[in-house]
Amino acid sequence: MTKPRYSPRLGVDIRIKPDVKLEPAVKVRPCAVAGCREEGAFRVPKSREALSTYIWLCLAHARAHNEKWDYFAGMSEAEIERFRNEAIVGHRPTWPLGKRAAGLPGGRGNYHVEDGYAVFAETEVNPAPRRPQRVLTRLQRQAFDVLNLDCSATLNEIKARYKELVKRFHPDANGGDRGAEER
Numbered sequence: 001m002t003k004p005r006y007s008p009r010l011g012v013d014i015r016i017k018p019d020v021k022l023e024p025a026v027k028v029r030p031c032a033v034a035g036c037r038e039e040g041a042f043r044v045p046k047s048r049e050a051l052s053t054y055i056w057l058c059l060a061h062a063r064a065h066n067e068k069w070d071y072f073a074g075m076s077e078a079e080i081e082r083f084r085n086e087a088i089v090g091h092r093p094t095w096p097l098g099k100r101a102a103g104l105p106g107g108r109g110n111y112h113v114e115d116g117y118a119v120f121a122e123t124e125v126n127p128a129p130r131r132p133q134r135v136l137t138r139l140q141r142q143a144f145d146v147l148n149l150d151c152s153a154t155l156n157e158i159k160a161r162y163k164e165l166v167k168r169f170h171p172d173a174n175g176g177d178r179g180a181e182e183r
């Protein structure tokens, strides 16, 4: 009994694994060197400028090509050094860390977003740098109240205010009056 021959309805074979008979024969490439009759089984780049275009050579000619090949031929020492440094990052552009975000608000990118509903209307383009907010305990807030200072005061401001109050309320400066000592 013979197997019925498959013929697709629309004339296109959409089977995942078509018959082995339908596979094309392997193409044999000749060696690209004139006068050579060997099979060109090895691909080599044409030149340094055209690394993605290849020629096919036989084993003997591929070995000879590789022995003569010098990628850096015709390059100066500075060009070779630049190539080596760029090869470290795969010849992709790089920037020093933290250099490009200095002028941007909060370190974020300026993406030129149209804000039709004024959601971001309060944000400034280049806001002045702010000190990070401290998290103060209850006792620290009371100390700032006693010194009559804002919670964002610097260490030098705190020291100056403390010295001023010590000079004003010290018993020796008040003629021995201990009433001002509590302050």
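Residue numbering for the sequence shown follows our numbering, beginning at 1 and increasing consecutively. Cβ atoms here follow ideal geometry from the backbone N, Cα and C, with glycine treated the same way.
Query raised in the report: Skipping 5 residues on each side, what residues in its chain have a beta carbon closer than 7 Å to that of Ala149?
Result: Here residue 149 is Leu; the residue named in the question, Ala, does not match the sequence. Same-chain partners within the cutoff: Glu157, Ile158 and Arg161.
Query raised in the report: Exposed or buried, what is Leu57 when buried is set at 16 or more other beta-carbons lying within 10 Å of its beta-carbon?
Result: buried
Requested in this report: Report the option in Lys163, Phe72 and Arg29 whose CA atom is closest to the CA atom of Glu39.
Outcome: Arg29
Query raised in the report: Nearest-angstrom Cα distance between Leu51 and Glu67?
Result: 17 Å
Query raised in the report: Roughly how many angstroms lie between the CA atoms of Ala143 and Pro93, to the nearest whole one?
Result: 52 Å
Report task. Spell out the partners DSSP gives Arg43 in its beta bridges. Result -> Trp56
Query raised in the report: CB Ala73 to CB Ile55, shorter than 7 Å?
Result: no
Requested in this report: Could you please give me the residues that DSSP links to Pro186 through a beta bridge?
Outcome: A query on residue 186 cannot be resolved here, the shown segment of the chain reaching from 1 to 183 and no further.
Query raised in the report: What do you reckon, are the CB atoms on Leu136 and Cys151 nearer than 7 Å?
Result: yes
Requested in this report: Could you check if Ala62 is buried or exposed, using at least 16 other CB atoms within 10 Å of its CB as the buried criterion?
Outcome: buried
Query raised in the report: Using the rule of at least 16 other Cβ atoms within 10 Å of the residue's Cβ for burial, across every protein chain shown, is Phe42 buried or exposed?
Result: buried
Report task. Identify whether Asn148 lies in helix, strand or coil by the three-state DSSP scheme. Result -> coil
Report task. Compute the Euclidean distance between the alpha carbons of Tyr71 and Arg37, then round it to the nearest angstrom. Result -> 28 Å
Report task. Mind checking which residues open and close the alpha helix (DSSP H) that includes Lys163? Result -> Leu155 to Phe169
Report task. Hey, could you find the ends of the alpha helix (DSSP H) Phe83 is sitting in? Result -> Glu77 to Ala87
Query raised in the report: Helix, strand or coil: how does DSSP classify Ala73 here?
Result: coil
Report task. Leaving out five residues on either side along the sequence, give the residues of the same chain with a beta carbon under 8 Å from the beta carbon of Ser76. Result -> none
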